[in-house]
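Residues in the sequence shown are numbered consecutively from 0, following numbering that gives the first Met the number 0.
Have a look at the structure below, then the notes.
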Amino acid sequence: MKINMKRKLTFLALLLLMAASPACSPAAAPTLPAEDARATALANAWVAITLTQAALPTATETPVPPTPTFPLPTLTASPLVLSTLAPVISTDTPAPDSCNLPPPLDPQGATVKIKFVNNTDSELNLSFAMASQNEEKECGTYTLSMGRYDQPEITVLAGCYWAWAWVLSPPSNALSPQALCVTDTTKTTSIWISPEVIGFH
Numbered sequence: 000m001k002i003n004m005k006r007k008l009t010f011l012a013l014l015l016l017m018a019a020s021p022a023c024s025p026a027a028a029p030t031l032p033a034e035d036a037r038a039t040a041l042a043n044a045w046v047a048i049t050l051t052q053a054a055l056p057t058a059t060e061t062p063v064p065p066t067p068t069f070p071l072p073t074l075t076a077s078p079l080v081l082s083t084l085a086p087v088i089s090t091d092t093p094a095p096d097s098c099n100l101p102p103p104l105d106p107q108g109a110t111v112k113i114k115f116v117n118n119t120d121s122e123l124n125l126s127f128a129m130a131s132q133n134e135e136k137e138c139g140t141y142t143l144s145m146g147r148y149d150q151p152e153i154t155v156l157a158g159c160y161w162a163w164a165w166v167l168s169p170p171s172n173a174l175s176p177q178a179l180c181v182t183d184t185t186k187t188t189s190i191w192i193s194p195e196v197i198g199f200h
């Protein structure tokens, strides 16, 4: 009887000991729900971003460019040399019309004698120009200055001519209305100059 009682007491003591051991063990760390843990992580991340942004320099500060750690190439510009070109001289200039030049000094073609008669009552300057070359390819313009009532006689190349006179007083211009052809080598041909017209007499 005593043995059974003893066993019962021992069993009861073990039960009490087992019941008391969880209460004496250290308390487990409380756990957060999943939504609270996610919110806490996001808050910590925003705090880190804010601190990093605050540590950056403000926009008013001038950024310092990095110093290159290698030597930069030196560019040397060579002077620009301009070549000097000789001016181009055109050789295609047309030869002047020989009929506008003085006549040849020693003509090879036939010649005739002309007497100019000044009927303008003034001094004048006369140009007597061949219309075309003769058979010897000769041509020219004869010029004379004549006083009042002058009647000079000159020898010219045989051919057809145009005549112009600049009368000095009163000022006027006289010209031949048609070509004056002088080809007769046996006589002296008279050409009269009036204040406006030059022609045969």
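The beta-carbon is built from N, C-alpha and C at its ideal position, and this holds for glycine as well.
Taking the beta strand (DSSP E) that residue i belongs to, which residues open and close that run?
i, result
"Thr-182", "From DSSP, Thr-182 is part of no beta strand (DSSP E); its letter is neither H nor E."
I need the DSSP call for residue i, collapsed to helix, strand or coil.
i, result
"Asn-99", "helix"
"Leu-81", "For Leu-81, the predicted structure reports a pLDDT of 49, less than 50, and the residue's modelled location is therefore unreliable. A value from the coordinates is still provided. Coil."
"Ala-109", "coil"
"Lys-1", "Because the pLDDT of Lys-1 is 49, which lies under 50, any placement of that residue in the model is unreliable, and the number read from its coordinates should be weighed accordingly. Reduced to three states, the DSSP call for Lys-1 is helix."
Which partner residues of residue i appear in the DSSP bridge assignment?
i, result
"Thr-188", "Ile-113"
"Ser-171", "Val-166"
"Thr-154", "Lys-112"
Does any residue of chain D have a CB that is nearer than 8 angstroms to the CB of residue i?
i, result
"Met-129", "Of the protein chains in the structure, only one exists, and it is not chain D."
Determine contact between the region 143-156 and the region 122-134, defined as no fewer than three beta-carbon pairs at a distance below 8 angstroms.
-> yes
Beta strand (DSSP E) runs wholly inside the region 121-151, at least 3 long, in chain order | 123-129, 140-145
Given 8 angstroms as the limit, is there contact between the region 93-112 and the region 167-178, that is, 3 or more CB pairs closer than that?
-> no
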